[in-house]
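Trainee: The opening residue of the sequence shown carries number 1 in my numbering; numbering runs sequentially from there. No residue lacks a Cβ here, since even glycine has one placed at the ideal position from N, Cα and C. The structure follows.
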Amino acid sequence: MNFIQTRGIDESRPATVTFSEAILAPIASFGGLYVPETLPELGKEFLEKHLNSSYKELAKDMLNRFEIDIDSAVIDEALALYDKFDDKNNPVPVVKVKENLYISELYHGPTRAFKDMALQPFGVVLSSIAQKRGENYLILAATSGDTGPAALETFKNRANVQVACLYPDGGTSDVQRLQMVTEDAANLKVIGIHGVFDDAQNALKQLLASESFNAALKKKNVSLSAANSVNFGRIIFQIIYHIHSYLELVRQDGITMGEKVYLNVPSGNFGNALGGYYASKMCVPVEKIIISSNENNVLTKLIKTGKYDLRDCAVMGTTSPAMDILKSSNIERILFDMFGPERTRELMQNLEEKNFYELNADELAQLQKHFDADFCKGHEGKGYIKDTFEDDKYLMDPHTATCMKSYETCCDPKIKTIAYSTAEWTKFSPIIANALSGEIDVKDIEALESISKIASLPIPDMVKGLFTKEVTQSTVIDKEDIEKEILNFI
Ligand SMILES: *Cc1c(COP(=O)(O)O)cnc(C)c1O
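Encoded structure:
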């Protein structure tokens, strides 16, 4: 299958590219993105066929239907990484929390957040393409805390790929920072920046545009690639778990085959929700996809009013930092799917130039046929964490908690909901400890111990071990010195 471009085609690029090409250079004509030319039509037959399949069997068949230019053995190697999740036979447990609410847990991988679902297999795929072509790639990542650890973990010691990961020193949780600075492999470089996440992200953008930097890379025979969620190589792995979760509800007798469900997704860059949208177009019977946000509620406003408005808008720090995003990249793929390339280009250009676009009434109606949305404030989220723990004996993280608000405000209780849990409690423990017992200003290690006691849950070894592991990546520098530091590394 080939990939086409969301904003139409310019003169300088081929009209279609292969999956490998879309992965290596994910930005398309006019700054657009790559999308599959068509989606495989799987239908009810596919669901019935996989009712008793393992996660990997389902994944393999779905990937095959995309007919991507990746060797079958490479796909097997990539999918084998799900064997390292907590339960080899069930990498994505789906737990019944209320009569009509199920939570699909996407955080059972090595870095305890849902980024592993896509980045784990993606690392194998990207490295294998680079090896096959005899090329070397540098992945630059700026992280607010979850993408960095997951990217480092997946590319650790992989051939033909190096990673330089920028994080704001003091701007992540202790667990997130330790996951990065204790990574010990010659192809990884972790760099703390004096500043906040935006500083790290802006530094990365400047670097990508820097002539001296690009010339120096060329001299060393290194090309740049990106592992962020605009890369379709990540999206493709995020369709699978939506299909799996639906089948899991059928298996648990929560629904009968064919019955519609809500998918409720804590959203930032919209990669997770986009996977759900594609799954619904391919085979999953979906009533609506519910987009849950925090105080950075641009997506709620878009879906409720048709306006994407970033004028007089600044990112707010919240208790669900992985969703502190205003420019939600993957919305573009929805615009393309619904309205085509010309309109997508027009809307995205408006957003870039005027920080604003507005859908017309027909377009908004079409968007609302598939999506609904609400946002949840920090104190509300803490309330949901406490109540769900006390009433339903289920412990959730602050990102997952944003779904509880929209579950109440957007969903018909007669229809079952699958909400997605995107992080384990261990990753955001100070906020959760505060929600459960009111304690404030505790460090991660104290919060972990206190929650562990309250909830009678063990702290996973991979989290506990971080606090005694040797710090091997101690670089913390000013923004001005990043270029030099990275060139020294490669
Ligand atoms: C990345 C992330 C999200 C947002 O996912 P998107 O695919 O960007 O919408 C939500 N929760 C957590 C914990 C994350 O790490």
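#1: Kindly indicate which residue of Gln179, Glu446, Phe197, Met257 has the alpha-carbon position closest to the one of Gly170.
#2: Residue ranges of each alpha helix (DSSP H) run of no fewer than 4 residues wholly in the segment 172 to 238, ordered along the chain?
#3: In whole angstroms, what is the alpha-carbon distance linking Val35 and Glu346?
#4: Give every residue of the same chain whose Cβ lies closer than 6 Å to the Cβ of Lys96, excluding the five residues on either side of it in the sequence, and list them in chain order.
#5: Which of the three DSSP states is assigned to Pro321 in this structure?
#6: Go ahead and pull the three-state DSSP assignment for Leu101.
#7: Between Arg311, Val125, Asp116, Asn187, which has its C-alpha nearest Glu138's C-alpha?
#8: Hey, would you say the C-beta of Thr300 is under 6 Å away from at least one heavy atom of ligand 1?
#9: Run through the DSSP bridge pairs and tell me what Val74 is partnered with.
#10: Identify the continuous alpha helix (DSSP H) that holds Asn434 and give its terminal residues.
#11: What residues are listed by DSSP as bridge partners for Leu166?
#12: Would you kindly check if the distance between the Cβ of Pro430 and the Cβ of Ser320 is under 7 Å?
#13: Given 6 Å as the limit, tell me if Asp146 has its C-beta closer than that to any heavy atom belonging to ligand 1.
#14: Would you identify the three-state DSSP class for Leu33, choosing helix, strand or coil?
#15: Drop a sphere of 10 angstroms on the beta-carbon of His108, count the other beta-carbons inside from all chains shown, and report buried for 16 or more, exposed for fewer.
#16: Could you pull out every residue in the same chain whose Cβ sits closer than 8 Å to the Cβ of Leu364, ignoring the five residues on either side in sequence?
#17: Would DSSP call Asp372 helix, strand or coil?
#18: Rounded to the nearest angstrom, how far is the Cβ of Asp76 from that of Thr18, given a contact under 8 Å?
#19: Could you pull out every residue in the same chain whose Cβ sits closer than 7 Å to the Cβ of Leu135, ignoring the five residues on either side in sequence?
#20: Roughly how many whole angstroms lie between the Cα atoms of Glu439 and Lys464?
#21: Which residues in the same chain as Arg13 place their Cβ atom closer than 6 Å to its Cβ, once the five residues preceding and following it in sequence are excluded?
#22: Quick one: Cα of Ser329 to Cα of Cys313, how far?
#23: Got a sec: is the Cβ-Cβ distance from Glu21 to anything in chain D below 7 Å?
#24: What is the rounded straight-line gap between the Cα of Pro458 and the Cα of Trp425?
#25: Of the residues Ser225, Lys132, Gln120, which one's Cα is nearest the Cα of Ala164?
#26: My output table needs one value for Ala25: the three-state DSSP class, helix, strand or coil.
#27: Inspect the beta-carbon positions of Gly381 and Ala361 and report whether they are closer than 7 Å.
#28: By Cβ distance, which residues of its chain are closer than 7 Å to Leu24, with the 5 residues on each side in sequence left out?
#29: Once you ignore the five residues that flank Phe371 on each side, which residues in its own chain have a CB closer than 7 Å to its CB?
#30: Determine contact between the segment 209 to 217 and the segment 249 to 266, defined as no fewer than three beta-carbon pairs at a distance below 8 Å.
#31: Measuring alpha carbon to alpha carbon, tell me which residue in Ser421, Leu448, Ala423 is nearest Asn434.
#32: Using a threshold of 6 Å, is the CB atom of Phe270 nearer than that to any non-hydrogen atom of ligand 1?
#33: Taking 6 Å as the cut-off, does the CB of Thr172 come closer than this to any heavy atom belonging to ligand 1?
#34: State the start and end residues of the unbroken beta strand (DSSP E) segment that holds Ser421.
#35: Would you say Ala142 touches ligand 1, meaning its beta carbon is less than 6 Å from a heavy atom?
#36: Tell me Ala273's beta-bridge partners as DSSP assigns them.
Mentor: By the coordinates alone:
#1: Phe197
#2: 174 to 181, 197 to 209, 211 to 219, 232 to 235
#3: 18 Å
#4: Tyr102
#5: helix
#6: strand
#7: It should be noted that the sequence gives Leu, not Glu, for residue 138. Minimum Cα distance to Leu138 is reached at Asn187.
#8: no
#9: Residue pairing by DSSP places Val74 in no beta bridge whatsoever.
#10: 429 to 437
#11: Ala142, Ile191
#12: no
#13: yes
#14: DSSP places Leu33 in strand when its eight states are reduced to three.
#15: buried
#16: Thr305, Gly306
#17: strand
#18: Actually they do not touch by this definition, with Cβ atoms about 20 Å apart.
#19: One point to set straight first is that residue 135 is Glu, not Leu, in the sequence displayed. Around Glu135: Asn160, Ser223.
#20: 21 Å
#21: Ser29
#22: 17 Å
#23: Any reference to chain D falls outside this structure, which holds one protein chain only.
#24: 11 Å
#25: Ser225
#26: The three-state reading of DSSP puts Ala25 in coil, since its state is none of H, G, I, E or B.
#27: no
#28: Ile129, Ser225
#29: Lys288, Ile289, Ile291, Ile303
#30: no
#31: Out of Ser421, Leu448, Ala423, Leu448 has the C-alpha closest to the C-alpha of Asn434.
#32: Phe270 Cβ: within cutoff of ligand 1.
#33: no
#34: 417 to 421
#35: It does not: the Cβ of Ala142 is nowhere closer than 6 Å to a heavy atom of ligand 1.
#36: Beta-bridge pairing links Ala273 to no other residue.
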